[in-house]
C-alpha cells in the first residue's frame, strides 16, 4: 500500500457533494483542500480524477517571465497533487479507480510532472512538528516524491510512462540533489515506506528502460554525473551518521540495500557515472555503512539482523567482483571501510544461527573477497587495521563456515606478516647477473616507451632490447595503454611482491611439489619437463602440474592470452629448462596465477633458484594477462 496513513483522509462512504466538485473544478483552493480531506476509496470517482488532471494540464503553467498569480497557480497545482495522492491511495484497493487513474496518468505524465516541478520551490505545504530548516520546501519535496513513489508502484503501465518521460527523469534528479541549507539533502528515513526520494529513484531505475532513461539524461547533461554520484554518497553518509542513532535498524538495512543497488546500476552501466562514483570513494562509503549496521546489530543484541544485511554485502561484493576496472583498488577501498570487521561479525553469527542458504552466500562472499588480499595495496590497508575479533575459537567446528573462515583467518595472518618492499628490484634481461639480489643500492627502471619491462642497468636494457624487446615494445605499449585506461595494470611493484610470495609458497610446500602427489603426469616425468602451477584464485592456493613438452606449454584450457608478442620469450624460457642445464643446478620453472577482475587473471611465470639454506628465490619472472572464456555465476541473491 502507498504512503503514510495520514493521507487516507477523513472521507467515508458518503458521495462527494456535487457543489464541492464544481468548486474544485473551478480552481478553488478551499474546494480542492476540502475535496482532498473527504475523498476515499469508497467515494472516489472518475470525475475526481478528471478534476485533478484538469488542473495539471501543461498549457496552464505560467510562463517563465510571469509575475502575477504565480504563487496562486503553484498553490492550486499542489492542492490538485494532494487530491491525486488520495486518489492513488484509493486506486490500490479499487480496481475501477485504478484503471481510470492509470489511463489518465499515462496520457498526462508530462503535464503532471511539469506542474510538480513548478510548485517545488514555493514550499506551500504546511510544516509538521518534526520538520526543521526551510520546513515547507522540505515537506513539499518529500510529499512530491511520495506521490511519484506511489504511482510508480501502482501499475507497470504508469512505471513505463513515467520513466519514458524526460520531464519525469529531470524532476526526480532535481528531488535527488536539492538541499534545505546548501548541504543537507532532503530525506525522511522515518517514512512508513522509507525515504520517498531514495525509494522512488530505486524503483524507477529497477527496470532496464528506467535505468537507461536516467543514464541517457545524465550523459546528455554530463555535469549531472558528478552531482548524482556525490548526492548518492552524501545520502549514504546521512543514513550512517544521522539515521543510525534515530531509526530502527531494519529500516537502515533497507535503505542501505537501496543505496548499494543504485550504485550498482549506474556504475555497471556507464563509464561516465563509474568515474563519478569512483571520485566519491563509493566503495569505502558503502562498506562503512554496512559495517556500522553490523556493529549496531551486535551491540544492541540483535545479531539476527545480520542476515538481512548480508544481501547488501553480497550485492556490494558482486558489484566489485563484476567490475574489470580498478580491480585491486576497489578491494583496497573495501578494506579501508572495514570489510574485515564486517565479515567477521557476519560469518560469526552465520556459523551458529544462519540458515543454510545464507551460510552458502556468506562462504561465497568470504572466498570472493579473500582472493585479492594478496595485492600489496590491499596488504598495506590491512596493516592499518585493528584486527577484528575473529571468533574462530568459539565457532562450531561442525559448521560449514568454520573451514572457510579459518582459512581466511590464517591467510589474513600470513598477509599481515608479509614484508612490503619499498624499492622494486627486478630485471627483465634473462642473462642478468643481478637476478635475485633484492638488496643493495640499485633499483629497477622501466622502459620509457612501453613501461612494461624493467631493468637494473642500461647495459641490461640494451642486451634485452637487441634480443627480445625491440620486437615487443610497440605491441606492449598499446597493451599497457589499454590496461591503464581501466586502472587494471599489473604494476611492477605488485610483480616484485608476488615474486617474493612465490618464493615463500614454493619453499614451504617443496615436499609436496617435488613428490608430485597430485601430478596428472607420469611419475617418471623428469623435473625439467614439469611446470608447477600455483593458482591463487582462492584463499587456499591450489597446486596443479603441466607438461613443458608441448610446444605451447604456456597455454591453458578456457583461457585466452592476447600478448602474442611474449611467446618467443616464453618459448626460450621453456627450451632453457627442457634442453639446458639450469635444472641440474636445482632451478625450477613455476607459474603463479592471480585474479585480476571477473574474467581476467595474471599469469606470472617465474624462474626459481635454490639458495644455500635450501629455500628458493625468484630470479626472473614474466607477467601476462589471460581472459577466462568460461562463464562464472554471480551472487545477486540468496
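Numbering (UniProt numbering), first residue to last: 1 to 638.
Quick reminder that beta carbons are idealized off the backbone N, C-alpha and C, glycines included.
#1: Could you tell me the distance, in whole angstroms, from the CA atom of residue 138 to the CA atom of residue 185?
#2: Sort 121, 159, 145, 141 by Cα distance to residue 109 and report the nearest one.
#3: Using 6 Å as the cut-off, classify the Cβ of residue 296 as near or not near the heavy atoms of the ligand COA, replying yes or no.
#4: Answer yes if the segment 105 to 123 comes into contact with the segment 135 to 154, meaning at least three C-beta pairs across the two stretches below 8 Å, and no otherwise.
#5: Looking at the secondary structure, which residues open and close the beta strand (DSSP E) in which residue 26 lies?
#6: Any idea if residue 214 is buried or exposed, counting beta-carbon neighbours within 10 angstroms, 16 or more meaning buried?
#7: What is the residue span of the beta strand (DSSP E) that residue 626 lies within?
#8: What ranges does the alpha helix (DSSP H) occupy inside the segment 130 to 183, keeping only unbroken runs of at least 4 residues that lie completely in it?
#9: Taking 7 Å as the threshold (beta carbon to beta carbon), is residue 585 in contact with chain B?
#10: Indicate the three-state DSSP secondary structure (helix, strand or coil) for residue 553 in the structure shown.
#11: What span of residues does the alpha helix (DSSP H) with residue 365 cover, start to end?
#12: Going by CA-CA distance only, name the one from 419, 433, 512, 567 that's closest to residue 471.
#13: So what does DSSP say about residue 517, is it helix, strand or coil?
#14: Between which residues of its own chain and residue 265 is the CB-CB distance below 7 Å, once the five residues before and five after are set aside?
#15: What residue ranges within the segment 180 to 206 form continuous alpha helix (DSSP H) runs of no fewer than 4 residues, ordered along the chain?
#16: Measure the Cβ-Cβ separation of residue 276 and residue 242 and say whether it is below 7 Å.
#17: Can you tell me whether residue 423 is buried or exposed, with buried defined as 16 or more other CB within 10 angstroms of its CB?
#18: Quick check on the DSSP output: the alpha helix (DSSP H) that includes residue 299 runs from which residue to which?
#19: Around the Cβ of residue 413, are there at least 16 other Cβ atoms within 10 angstroms (buried) or fewer (exposed)?
#20: Who does residue 318 pair with in a DSSP beta bridge?
#21: Starting from residue 570, follow the beta strand (DSSP E) in both directions and report where the run begins and ends.
#22: Exposed or buried, what is residue 389 when buried is set at 16 or more other beta-carbons lying within 10 Å of its beta-carbon?
#23: Please report the Cβ distance between residue 240 and residue 292, rounded to the nearest whole angstrom; I am assuming they are in contact, meaning their Cβ atoms lie under 8 Å.
#24: Within the same chain, show all residues whose beta-carbon is closer than 7 Å to that of residue 34, passing over the 5 residues directly before and after it, in chain order.
#25: Using DSSP with H/G/I as helix, E/B as strand and the rest coil, what is residue 547?
#26: To which residues of the same chain is residue 629 closer than 6 Å at the C-beta, ignoring the five residues directly before and after it?
#27: Express the C-alpha separation of residue 411 and residue 550 in angstroms, rounding to a whole number.
#28: Per DSSP, what are the beta-bridge partners of residue 94 in this structure?
#29: Does the beta-carbon distance from residue 279 to residue 332 come in below 7 Å?
#30: Taking the CB atoms as reference points, tell me whether residue 171 and residue 117 lie closer together than 7 Å.
#31: Quick one: is residue 222 buried, meaning 16 or more other Cβ sit within 10 Å of its Cβ, or exposed?
#32: Would you kindly work out how many angstroms separate the C-alpha atoms of residue 87 and residue 120, rounded to a whole number?
#33: On the DSSP letters alone, give me the boundaries of the alpha helix (DSSP H) that residue 304 sits inside.
#34: Apart from the five residues on each side of it in sequence, which residues of its chain come closer than 6 Å, Cβ to Cβ, to residue 502?
#35: Are the segment 393 to 408 and the segment 613 to 627 in contact at 8 Å, needing three or more beta carbon pairs?
#36: Out of curiosity, what's the CA-to-CA distance linking residue 130 and residue 123?
With the structure as the only source:
#1: As a working mapping, residue 138 is identified with position 138 in the chain shown. As a working mapping, residue 185 is identified with position 185 in the chain shown. The straight-line gap from Cα to Cα measures roughly 9 Å.
#2: Locating residue 109 in the chain shown gives position 109, where the first residue counts as 1. The closest CA to that of residue 109, considering only 121, 159, 145, 141, is found on 159.
#3: As far as ligands go, the structure on display features none, and thus does not contain the ligand COA.
#4: Proximity of the segment 135 to 154 to the segment 105 to 123 meets the contact definition, three or more beta-carbon pairs being nearer than 8 Å.
#5: Position 26 of the chain shown, counted from the first residue, corresponds to residue 26. Counting along the chain, residue 26 falls outside any beta strand (DSSP E), and DSSP gives it neither H nor E.
#6: Position 214 of the chain shown, counted from the start, is the residue given in the question as residue 214. Here residue 214 is buried, its C-beta having at least 16 other C-beta atoms within 10 Å.
#7: Along the chain shown, one-based indexing puts residue 626 at 626. Residue 626 -> beta strand (DSSP E) spans 616 to 628.
#8: Counting only runs of 4 or more residues that sit fully inside the segment 130 to 183, the alpha helix (DSSP H) segments are 135 to 154, 156 to 163, 166 to 177, in chain order.
#9: You won't find chain B in this structure, because it holds only one protein chain.
#10: Counting from 1 along the chain shown, the entry for residue 553 is found at position 553. Correct three-state label for residue 553: coil.
#11: Taking the first residue of the chain shown as 1, we reach residue 365 at position 365. Segment 356 to 370, the alpha helix (DSSP H) holding residue 365.
#12: In the chain shown, residue 471 corresponds to position 471, counting from 1. Answer by Cα proximity: 567.
#13: Residue mapping note: residue 517 aligns to position 517 of the chain shown, counting from 1. Low confidence applies here, because residue 517 scores a pLDDT of 48, under 50, leaving its location unreliable; read the following figure in that light. In this structure, DSSP gives residue 517 a state outside helix and strand, which the three-state scheme calls coil.
#14: Here the question's residue 265 lines up with position 265 in the chain shown. Only 205, 211 meet the Cβ criterion.
#15: Fully enclosed alpha helix (DSSP H) runs of 4 or longer: 196 to 204.
#16: Sequence index remark: in the chain shown, residue 276 carries index 276 (1-based). Sequence index remark: in the chain shown, residue 242 carries index 242 (1-based). The answer is no: Cβ separation not under 7 Å.
#17: Against the chain shown, residue 423 aligns to sequence position 423. Residue burial annotation: residue 423 is exposed, with fewer than 16 other C-beta atoms found within 10 angstroms of its C-beta.
#18: The residue given as residue 299 occupies position 299 in the chain shown. Membership of residue 299 in the alpha helix (DSSP H) is indicated by the continuous run 282 to 299.
#19: For the purposes of this step, residue 413 is taken as the residue at position 413 of the chain shown. Exposure of residue 413 is indicated by the presence of fewer than 16 other C-beta atoms within 10 angstroms of its C-beta.
#20: Residue 318 sits at position 318 when you count from the first residue of the chain shown. The secondary-structure analysis by DSSP pairs residue 318 with nothing; it has no beta-bridge partner.
#21: Here residue 570 refers to the residue found at position 570 of the chain shown. Element bounds for residue 570: not the beta strand (DSSP E) but the alpha helix (DSSP H), 567 to 579.
#22: Here residue 389 refers to the residue found at position 389 when the chain shown is read from its first residue. Counting Cβ neighbours within 10 Å, residue 389 comes out exposed, since fewer than 16 surround it.
#23: In the chain shown, the residue the question calls residue 240 occupies position 240. In the chain shown, the residue the question calls residue 292 occupies position 292. Contact flag correct, Cβ pair sits at about 5 Å.
#24: Counting from one through the chain shown, the residue named residue 34 turns up at place 34. Only 20 meet the Cβ criterion.
#25: Here the question's residue 547 lines up with position 547 in the chain shown. Per DSSP, reduced to three states, the secondary structure at residue 547 is strand.
#26: Mapped onto the chain shown, residue 629 falls at position 629. Result list for residue 629: 558, 560, in chain order.
#27: Counting from one through the chain shown, the residue named residue 550 turns up at place 550. Counting from one through the chain shown, the residue named residue 411 turns up at place 411. Rounded to the nearest angstrom, the two C-alpha atoms are 35 Å apart.
#28: The residue given as residue 94 occupies position 94 in the chain shown. For residue 94, which the question treats as bridged, DSSP gives no partner whatsoever.
#29: One-based indexing of the chain shown puts residue 279 at position 279. One-based indexing of the chain shown puts residue 332 at position 332. No, the Cβ-Cβ distance between residue 279 and residue 332 is not below 7 Å.
#30: In the chain shown, counting from the first residue as 1, residue 171 sits at position 171. In the chain shown, counting from the first residue as 1, residue 117 sits at position 117. Yes. Within cutoff.
#31: Within the chain shown, numbered from 1, the residue matching residue 222 stands at position 222. Classification of residue 222: exposed, given that the 10 Å Cβ count is below 16.
#32: On the chain shown, position 87 is the one that residue 87 refers to. On the chain shown, position 120 is the one that residue 120 refers to. Near 21 Å, if we compare the C-alpha coordinates of residue 120 and residue 87.
#33: Residue numbering aside, residue 304 sits at position 304 when the chain shown is read from its first letter. Boundaries cannot be given for residue 304, as no alpha helix (DSSP H) includes it and DSSP labels it neither H nor E.
#34: Looking up residue 502 in the chain shown gives position 502. Only 592, 606, 618 meet the Cβ criterion.
#35: Short answer: they don't touch.
#36: Your numbering for residue 130 matches position 130 in the chain shown. Your numbering for residue 123 matches position 123 in the chain shown. Bear in mind that the predicted position of residue 130 carries a pLDDT of just 45, short of 50, making it too unreliable to give a figure here.
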